[in-house]
Ligand SMILES: *Cc1c(COP(=O)(O)O)cnc(C)c1O
């Protein structure tokens, strides 16, 4: 395994280059996706100065959180089963996978304070992917107005599994467009300033298209 600090240096360079190339200036935060690595490796990530960690199972998040003393921000990036909400909802800082009303209702019931949520969109329409269709995102967000525990901080998507850069770029661009439409609604519970998009294989494109959170596993800690 390569040193995380070396990987991070490389990734930071690529992010800087991407911002210059695309002439964008947003602050890009890196989420170290630690779902496939040990607690020791996760601690190594935190020691490089990374603060955002991404997990996709309640067990992974809870077992790591129990031992890790360092201050970290915990991102839940996987699809979350309704019956598991009570296990994790008060342990995470961001939920990236809000994609249905039944999940919102369970969060409202179980959360002890406001939860920062990303609405997950399936922009590409791939059947294998979770998330709302582009058309469903805005009506869904509007329907959350009476939920006191839910704050929509942004939108999240996963690009399709393809080598075709233009296809990936279009997905990210569409998400950004959708995000700006949500911002324009000026809903007090949905500032929607963040864009969670880009993984190991496509974060450079995501940054060029406006990502504010990139979720990197393999290329960083793998
Ligand atoms: C695993 C995962 C990632 C990280 O994937 P890599 O290709 O390893 O960077 C990002 N986002 C989600 C939702 C994931 O499940």
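In the UniProt record's numbering, the protein residues as written are 1 to 222.
Cβ atoms here follow ideal geometry from the backbone N, Cα and C, with glycine treated the same way.
**Asked** How should residue 157 be labelled, buried or exposed, when 16 other C-beta atoms within 10 angstroms of its C-beta is the threshold for buried?
**Response** The residue given as residue 157 occupies position 157 in the chain shown. Flag for residue 157 reads buried.
**Message:** Does the beta-carbon of residue 158, which I'm using as the reference point, lie nearer than 7 Å to any heavy atom of ligand 1?
**Reply:** Taking the chain shown and counting its residues from 1, one reaches residue 158 at position 158. Correct: residue 158 has its Cβ closer than 7 Å to ligand 1.
**Request:** Check each residue's C-beta against every heavy atom of ligand 1 and list, in chain order, those closer than 7 Å.
**Result:** 33, 35, 54, 56, 77, 78, 96, 158, 199, 200, 201, 215, 216, 217, 218, 219 and 222
**Request:** Kindly give me the distance between the Cβ atoms of residue 212 and residue 87, rounded to whole angstroms, as I take these residues to be in contact under 8 Å.
**Result:** The sequence position of residue 212 within the chain shown is 212, counting from 1. The sequence position of residue 87 within the chain shown is 87, counting from 1. That belief does not hold up - the Cβ atoms of residue 212 and residue 87 are roughly 28 Å apart, past 8 Å.
**Prompt:** If you follow the beta strand (DSSP E) that residue 154 is part of, which residue opens it and which one closes it?
**Reply:** If you number the chain shown from 1, residue 154 lands on position 154. Taken as a continuous stretch (DSSP letters only), the beta strand (DSSP E) holding residue 154 covers 150-156.
**Message:** Counting beta carbon pairs with one atom in the segment 99-111 and one in the segment 65-77, are three or more of them shorter than 8 Å?
**Reply:** no
**Item:** residue 56 to residue 164 span [Cα, whole Å]
**Value:** Along the chain shown, read from residue 1 onward, the residue named residue 56 stands at position 56. Along the chain shown, read from residue 1 onward, the residue named residue 164 stands at position 164. Going by the C-alpha atoms only, they are around 26 Å apart.
**Item:** Beta-carbon gap between residue 188 and residue 153 smaller than 8 Å
**Value:** Walking along the chain shown from the start, residue 188 turns up at place 188. Walking along the chain shown from the start, residue 153 turns up at place 153. Cβ distance not < 8 Å, so residue 188 and residue 153 don't count as in contact.
**Given 8 Å, three or more beta-carbon pairs between the segment 7-14 and the segment 171-186** = no
**Message:** Looking at the strands, I want to know which residues DSSP matches up with residue 185.
**Reply:** Your numbering for residue 185 matches position 185 in the chain shown. DSSP output for residue 185 lists no bridge partner at all.
**Request:** Have a look at residue 120 and residue 76 and give me their C-alpha separation to the nearest angstrom.
**Result:** By one-based count along the chain shown, residue 120 stands at place 120. By one-based count along the chain shown, residue 76 stands at place 76. Cα-Cα distance, rounded: 12 Å.
**Request:** Excluding the 5 residues preceding and the 5 following residue 81 in the sequence, name in chain order all residues of the same chain whose CB lies nearer than 6 Å to its CB.
**Result:** In the chain shown, the residue the question calls residue 81 occupies position 81. Around residue 81: no qualifying Cβ.
**Item:** Euclidean distance between Cα positions of residue 123 and residue 221
**Value:** Residue 123 sits at position 123 when you count from the first residue of the chain shown. Residue 221 sits at position 221 when you count from the first residue of the chain shown. Distance between the alpha carbons of residue 123 and residue 221 is about 27 Å.
**Message:** Rounded to the nearest angstrom, what separates residue 127 and residue 149 at their Cα positions?
**Reply:** Reading the chain shown from its first residue, position 127 is the one you call residue 127. Reading the chain shown from its first residue, position 149 is the one you call residue 149. Rounded to the nearest angstrom, the two C-alpha atoms are 30 Å apart.
**Asked** Cα separation between residue 20 and residue 178?
**Response** Residue numbering aside, residue 20 sits at position 20 when the chain shown is read from its first letter. Residue numbering aside, residue 178 sits at position 178 when the chain shown is read from its first letter. Approximately 24 Å between the Cα atoms of the pair.
**Request:** Could you check the C-alpha separation between residue 34 and residue 151 for me, to the nearest Å?
**Result:** Here residue 34 is taken as the residue at index 34 of the chain shown, counted from 1. Here residue 151 is taken as the residue at index 151 of the chain shown, counted from 1. Rounded to the nearest angstrom, the two C-alpha atoms are 25 Å apart.
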